[in-house]
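Asks:
Chains as they are written, first to last, in our numbering: chain A, -11 to 343; chain B, -11 to 343; chain C, -11 to 343; chain D, -11 to 343.
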């Protein structure tokens, strides 16, 4: 059994204050999942911590379908993190002058920022005027860490320089425009975590045998969901990204609050030219880490270890496995709804409480 | 220590498949937090499971400020859950005829739905035409459970009746329009979980002494964030709702994927007429439970027990404590950014890794 | 020629201040468009005022396709208008008490509101708590007028009663939550203008002959647009709703600023079971009038007259023609992009200026 | 009188098909408005074509307030236009390979694109992977024209090269991701038209005398609207941007459908340190032109002439006047609601019809 002993108090230093023990979440494993990534290439069994019966089974079913179809292709498209301080000025002249002055200062700002960190690299500084306020995005590469602590520290140093030189009437290190732990369409424009994509083509026979449905019905389901989700203003199109993300994040010592932004994305199901199912998922803002944060705490190293994702140089590998897992989960979720057995599956695997 | 022993395999039946053990998350406690609710009235110490150093300390600081100011007022405004099946038809005539026929069928649908559940009550059926598709919301009261399983089961029964009678060209039990585990502005229109509100008025002296900032600077920070978050299309205004939610949800055996929708909401900071700080938070879609799901698993009963929130009749009490906790967390987060010590606090309490 | 003489100064009283004349916009006509509505049933030629070459031609081509396919079905689903005043209070207790008191006051509020108007009927009063503020929607039926003047007047009267009784710390008649002349997903939840839908089924032969494309390519185009528009956070899915709306609104004396909200909606293109094209459009917030505002000014009566939409009892008829026109426009726009002749059409019909 | 004679048929060639005359819209003028821009510096009287009584008067009142306070500062921050074609591929490998190949092709694409236009310059090519689709933004500077025709033509040429080389399974010249005539938060990220900002500081005495309200009440109104508009998912914060935009666009021969995207933006009202009112507006996507389209048709040259904005080199000047006008309109609208005379003003200036 993973996690048979409790985390010792001293192990928690740096991760929690006023420690009183450790919360426990049931841990299952789903697989096999074949992934063809640039960083992850192989067959994986994915640890999922959840208390919702049927979630592991559902993801596993999708993984089996994807794997029988030859696996999921996964890619990391962009990989960075950011803070977006906001600076206020009394007049539009000052606001615009400030914004226009920044490009010439990028070298100085980089020196100030990077002096505070060994792993963070300042990629760019992007000012945006918004009335009497200016939003300034500091985008960093943060290696295999989530990186918000280093981003905050480095951006603080850069801001000190700006505050001294431009004397804004007010400012703050974070404004919310960075999208830290917040959902919103702004995340599609990149810069908060990893933009990742995965896709698979499932022959019609696999769709029928493993999932019990027709590809055309899956595609029709997707089109129905598109309209439904648009008509409530959803910030993406998906079945249940958050289920898989929360379960992997808890299992693997991730910062679980990042589910808020990481669960934004787009899933697409179409009938392929050969009559099979063409499926893809895109997450613009997946925040995952293999060093720092909770990645060394409790059962996280064991779970990351299951995926070969412990430590330096593994964050993109982990990201590819995560996005492939979500792809499998979407396919399975859609199939359950198309087949009409969604409620039944929850009955079968869920708790046997009085309804 | 809470959670010193691992969850036994048999205890996980109904919560996870392919069990391999239990994930562990460091558990701290923050308080005291005085809450004046209709269901929760008293002083609370709130369990928070997180691996992000400084989160517990930050929430605690906000709780101290709120408590010294006399506490937070909290209310549950609305309490229901729903599924929104979508039905497709070949023509607009059929679509509109279907939608118009539903009100007269509400009694029959209620009978069919409620026959499947002892705790769920069908509150209403709301059709919405959307081109060739019709979205039909089935809204239920679900007692103290999250209730999606009972909602799915009951809605399946009602849909069987509709499918038989109207023969849509396609349909699915969930469409995404219900907002289950998805963020989006549609959540403000109610119906997914509990709509909850909390507020507090902090005398200027408390703001200065406990938080080290001026009320006017807090209000100015809020106005800056409003513009920043609007300019990225954020679906609400907040500092870090997701941090507190994820930490309480893990601690208390909630369905953590519900962070996706629960973290949508609005925070407001203003200078009160007496010069103090007037703060409020509104979450339209908080999904919490005190029975069912993971609430009886592992360390969850102990954590819910800390709050007097175990079992029947406690879900609204729990919701009031959660929203009051988030209010405290927002105040503290804002104060850290106003004082310029956000990065420093993370340095102090975070892991001592190489930057 | 329509509009050969200028509007006389006296005719403008009530429509504009500091009058210096009349702006002129070229006016074309597109048709025939066969509409099967509940209020509009027949063949129509639709006046469109625009300066963008190719717009009239494009809409006309879509109309021909729809008409050859037997016409468009159109329906008005909901028809109302509203104001949403916001009331602020110092504490959450007061806020919630206020919101809970409103249902019992609905009769009194109706009396006060309806005393100010002969045509407006108060349909309902809906309070929503949002932290220290309460948003209260007053929804009215407004007959054949746009109705914002009567809504404002009637809501002012109702608010006077509330202000006197509850003494909010602040309030305002409009808050923006009503969606007046603003785009946003909130419009899908109804209450600002008319919710209207139109659909058509075009046999494959019509799609090929009139539009020069394959139904499958049209459907593929739609799926591509869905992903694209989701990834920028668009508040709907459409090709160019705003073109048709602006052109009809100018021609027919509508309040053109209502394009902002009226252009929110969803278009869907699918391959029908018989291999043809199944197309639909849904606008949740179409604001049109056949009495009041500019409907009696200048060339508006002539243009409304072309459609048999002058005066009382004609607003829903007009709405059905408008939505059918937009359906035609979407089909034609999509076909131009699928065929790759979008730019070419603008070359052909647009101004012959140096590129 | 402006527009005393109708537009002659031949004058409309290139602007409309099937011409039957000219629609007429009452034209008023509001001023004086003092603007301090980089392109517009002086006192202006702004032509507004509308049929909504009180709109001209309301904008004029705001202009008087701004002018007495010394005028509005206005700036154009960014000025470009774009098309965003979407390309589909069968697999994620091909999708990612295509996206990664584009930077190296930018030179070739520029040659192909710019060979089709004398005024358009290709600024950059930005690919974004979105599952099995790739969105590729072609951003152009378009001089003083709106420029969509040249953008479409130039992008068509560039796409021909891409289609030949990469053989996508499908593609289209426009996808909706460009935001052409559509509202959405994506517009804040720039690239569709001009990003413009204006601000003013009004001494408390001016606010009281001209507008009849207190600055603090104006700021409180803004905060209330922020919450209200957030809770309906509005894509910005504003009072009635669309009124002023529609009125100027009709008067000045603009493409009126661009109200849909141009009306997205943020307004902010705060109490300044000296107790006055600090007001600002930001529009990220203002599409205006002084050459091409309808700018030479009917009464447009006269109206543009009033502002000194006829022809080449005047589009940014025009944009600064427009944004300053909207600033004035927002101030006046807010003041009317704060003073409680919004409905009364519409009574006074609106049509004297039976209520």
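Cβ coordinates follow ideal geometry from the N, Cα and C atoms, glycine included.
Can you round the beta-carbon distance between residue 231 (chain B) and residue 95 (chain B) to whole angstroms, since I take them to be within the 8 Å contact cut?
Replies: In fact, because the Cβ distance is near 45 Å, the residues do not count as touching under 8 Å.
Asks: Of all the CB atoms in chain B, is at least one closer than 9 Å to the CB of residue 8 (chain D)?
Replies: Chain B contact via Cβ: absent.
Asks: Answer yes or no: does any C-beta atom of chain B fall closer than 9 Å to that of residue 72 (chain C)?
Replies: Residue 72 (chain C) does not count as touching chain B.
Asks: Under 7 Å between beta-carbons, which chain A residues line up against residue 214 (chain D)? List them in chain order, please.
Replies: Per Cβ cutoff of 7 Å: no residues; residue 214 (chain D) is ~13 Å from chain A at best.
Asks: Use the C-beta contact count for residue 49 (chain D): other C-beta atoms within 10 angstroms, 16 or more gives buried, fewer gives exposed.
Replies: Residue 49 (chain D) is buried by the Cβ-count criterion.
Asks: When you compare the CB of residue 121 (chain D) with every CB in chain C, is at least one pair closer than 9 Å?
Replies: Output row for residue 121 (chain D): interface = yes.
Asks: Leaving out five residues before and five after residue 308 (chain C) in sequence, what residues of the same chain have Cβ atoms less than 8 Å from its Cβ?
Replies: These residues qualify, in order along the chain: 23, 25, 26, 27, 28, 62, 63, 64, 184, 186.
Asks: In chain order, what residues of the segment 257 to 270 of chain D put their CB closer than 8 Å to some CB of chain B?
Replies: Listed by position along the chain: 258, 270.
Asks: Residue 118 (chain D) touches chain A at which residues, Cβ-Cβ below 7 Å?
Replies: Residues of chain A passing the Cβ test: 254, 270.
Asks: So residue 79 (chain B) contacts chain C; which residues on that side make the cut at Cβ distance below 8 Å?
Replies: Result: 61, 187, 189.
Asks: At a Cβ threshold of 9 Å, is residue 201 (chain B) touching chain D?
Replies: It does not: the Cβ of residue 201 (chain B) has no partner Cβ on chain D nearer than 9 Å.
Asks: Ordered along the chain, which non-local residues of its own chain (more than five positions away) have a Cβ less than 7 Å from that of residue 201 (chain D)?
Replies: Answer for residue 201 (chain D): 195, 323, 326, 327, listed in chain order.
Asks: Go through its chain and collect everything with a Cβ distance to residue 46 (chain B)'s Cβ below 6 Å, but skip five positions before and after it.
Replies: If we look at residue 46 (chain B) and ignore the five residues flanking it on each side, its Cβ neighbours are 320.
Asks: From which residue to which residue does the beta strand (DSSP E) around residue 30 (chain C) run?
Replies: Run containing residue 30 (chain C): 29 to 37, per the beta strand (DSSP E) assignment.
Asks: Take residue 125 (chain D) and list the residues in its own chain whose beta-carbon comes closer than 6 Å to its own, dropping the five residues that flank it on each side.
Replies: Only 70, 72, 114 meet the Cβ criterion.
Asks: Decide if the segment 257 to 270 of chain B is in contact with the segment 237 to 245 of chain A; the criterion is three or more beta carbon pairs, one per stretch, under 8 Å apart.
Replies: Judged by Cβ distances under 8 Å, the segment 257 to 270 of chain B makes no contact with the segment 237 to 245 of chain A, as fewer than three pairs qualify.
Asks: What is the rounded straight-line gap between the Cα of residue 224 (chain A) and the Cα of residue 1 (chain D)?
Replies: Answer to the nearest angstrom: the Cα atoms are 43 Å apart.
Asks: Kindly provide the ranges of any alpha helix (DSSP H) runs that are 4 or more residues long and lie completely inside the segment 149 to 236 of chain B, ordered along the chain.
Replies: Correct list: 203 to 218.
Asks: Of all Cβ atoms in chain B, is any one closer than 9 Å to the Cβ of residue 87 (chain C)?
Replies: Output row for residue 87 (chain C): interface = yes.
Asks: May I have the straight-line CA-CA distance separating residue 222 (chain A) from residue 213 (chain A), to the nearest angstrom?
Replies: Near 11 Å, if we compare the C-alpha coordinates of residue 213 (chain A) and residue 222 (chain A).
Asks: Below 8 Å on the Cβ atoms is my contact criterion, and I expect residue 249 (chain D) with residue 171 (chain D) to pass it. Report the Cβ-Cβ distance as a whole number of Å.
Replies: Rounded, the Cβ-Cβ distance is 6 Å, consistent with contact.
Asks: Closer than 7 Å between beta carbons: that is the criterion. Which residues of the segment 159 to 179 of chain A meet it against chain B?
Replies: Result list: 160, 161, 162, 163, 164, 165, 167, 169, 170, 171, 172, 173, 174.
Asks: Mind checking which residues open and close the alpha helix (DSSP H) that includes residue 90 (chain D)?
Replies: Element bounds for residue 90 (chain D): 80 to 102.
Asks: Taking Cβ positions, are residue 168 (chain C) and residue 136 (chain C) nearer each other than 9 Å?
Replies: Yes, they are a contact pair.
Asks: At least one CB of chain C closer than 9 Å to the CB of residue 236 (chain A): is that the case?
Replies: Closer than 9 Å: no.
Asks: Using the DSSP secondary-structure output, state which residues sit across from residue 302 (chain C) in a beta bridge.
Replies: Note: residue 302 (chain C) sits in no beta bridge, so no partner.
Asks: Output the distance between the C-alpha atoms of residue 217 (chain A) and residue 180 (chain B), rounded to the nearest integer angstrom.
Replies: Those two C-alpha atoms are separated by around 14 Å.
Asks: Report buried or exposed for residue 261 (chain A), applying the criterion of at least 16 other Cβ atoms within 10 angstroms of its Cβ.
Replies: Label assigned to residue 261 (chain A): exposed.
Asks: Looking only at its own chain, which residues have a Cβ that is under 8 Å from the Cβ of residue 341 (chain C), when we skip the five neighbours before and after it?
Replies: Confidence in residue 341 (chain C) is poor, its pLDDT being 46 and thus under 50, which makes the residue's placement too unreliable to answer from.
Asks: Determine the chain D residues that contact residue 219 (chain B) at a beta-carbon separation under 7 Å, and present them in chain order.
Replies: Within 7 Å Cβ-Cβ: 176, 254.
Asks: According to DSSP, is residue 55 (chain A) helix, strand or coil?
Replies: Helix.
Asks: If we call anything under 9 Å between Cβ atoms a contact, is residue 44 (chain B) one with residue 9 (chain B)?
Replies: It is not a contact, given that the beta carbons lie outside the stated cut-off.
Asks: Look up residue 295 (chain D) in the DSSP assignment and say whether it is helix, strand or coil.
Replies: In the structure shown, residue 295 (chain D) sits in coil (DSSP, three-state: anything other than H, G, I, E or B).
Asks: Hey, could you find the ends of the alpha helix (DSSP H) residue 24 (chain C) is sitting in?
Replies: Here residue 24 (chain C) belongs to no alpha helix (DSSP H); instead the beta strand (DSSP E) covers 7 to 24.
Asks: Is residue 125 (chain C) helix, strand or coil by DSSP?
Replies: Here residue 125 (chain C) sits in strand by DSSP.
Asks: Kindly identify the DSSP beta-bridge partner or partners of residue 68 (chain D).
Replies: DSSP, once it has assigned bridges, lists D:181 as partnering residue 68 (chain D).
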